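Note sheet for the following structure.
Residue numbers (our numbering): 1421 to 1761.
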């Protein structure tokens, strides 16, 4: 409304030639009030003109009646017709006075409407850049409506893409063979877990077996140390010759195994029951113990007290994603580690 505007501030800025920021809605409300006032002014003008015509007509009738009354007064004494005529004149005079008052009121309202209209026109004229601001806002509104229409088109395209994707998903879900694939995948996972469990059990059993062998090695070392402290007499030549295998026995064993002397010469000597890989490395030595087995000795201190661990620097293969490492020996006495390839 026009009351929301600070007219004094606007008038001061207009006088000083400064720009003033005005809410576009206030300007539109002011224009609406101006149009309403113009309509009221035109309506009041038409009513005033009609009232004036009625007043002039009644005045003419009143003058005519007055002349008739004067003529009748001169012609004869008052009669019933004259009384009726006087009453009619009095009624017309009262009606004319009421209409004259109403016309005066309408004229005052018309003057007030003219003044208000002139004031509003002056206020609208004094607002700097109001029409330009309105046009700018209308242009921005049109741009926003165009942008909204464009976004609606993009949203429709996205909805179409989503519908196509849902169709593809349903078609993929109903493809033949998917259930079999899921079943095989589940069976593979179970088999994989089973292999992992068996491998863990194998490693645990191997570790227990190695510990048992370590205990046996310690026992044998204790016996060797005891023999060193308490040496026994050397066996006689007869006993030594009887214990040594004869060449014929050696040849018979080679023939029994289906081998020849060249093959036996090329075959590497296994490193006992606790070796990691067949054959003997460059830095490892093999000794014969009393039980007739061959054992690996430490290349640094010649100790046979060894333990086997995973050599994590050498991966042999992978089983189900789990690496299988090569083995290495660690001397329990001097802590020297080496490998046998």
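Cβ coordinates follow ideal geometry from the N, Cα and C atoms, glycine included. Since the structure is predicted, the reported quantities are computational estimates derived from the model, not experimental observations.
For the beta strand (DSSP E) holding residue i, just list the boundary residues, first then last.
i	result
residue 1729	1726 to 1739
Could you check which residue in the options has the C-alpha nearest to that of residue i?
i	options	result
residue 1734	1479, 1469 and 1745	1745
residue 1520	1638, 1728, 1559 and 1470	1470
residue 1537	1529, 1516 and 1458	1458
residue 1528	1573, 1490, 1468 and 1649	1468
residue 1557	1508, 1487 and 1447	1447
residue 1517	1462, 1475 and 1483	1475
residue 1482	1466, 1507, 1461 and 1462	1507
residue 1753	1729, 1721, 1732 and 1731	1721
residue 1460	1611, 1619 and 1526	1526
residue 1627	1730, 1445 and 1504	1730
residue 1641	1572, 1622, 1608 and 1723	1723
residue 1478	1462, 1491 and 1514	1514
DSSP state of residue i, grouped into three classes?
i	result
residue 1759	coil
residue 1753	coil
residue 1747	strand
residue 1659	Any answer about residue 1659 is weak, because its pLDDT of 46 lies below 50 and its placement is not dependable; what the coordinates show is given next. Reduced to three states, the DSSP call for residue 1659 is helix.
Excluding the five sequence neighbours on either side, which residues of its own chain have a C-beta within less than 8 angstroms of the C-beta of residue i, listed in chain order?
i	result
residue 1702	Confidence is the limiting factor: at residue 1702 the pLDDT is only 39, short of 50, which leaves the residue's position unreliable, though a coordinate-based value still follows. Same-chain partners within the cutoff: there are none.
residue 1615	1739 and 1740
residue 1486	1509
residue 1522	1471
With 16 other CB atoms within 10 Å as the buried threshold, where does residue i fall?
i	result
residue 1726	buried
residue 1738	exposed
residue 1464	buried
residue 1748	buried
residue 1647	exposed
residue 1561	exposed
residue 1533	buried
residue 1760	buried
residue 1715	buried
residue 1450	buried
residue 1581	exposed
residue 1728	buried
residue 1637	buried
Among residues of its own chain, excluding the 5 on either side of residue i, which ones have a beta-carbon nearer than 6 angstroms to its beta-carbon?
i	result
residue 1774	Residue 1774 lies beyond the range of the chain shown here (1421 to 1761); nothing can be said about it.
Who are the near neighbours of residue i in its chain, counting only those whose CB is closer than 7 angstroms to its CB and skipping five residues on each side?
i	result
residue 1583	none
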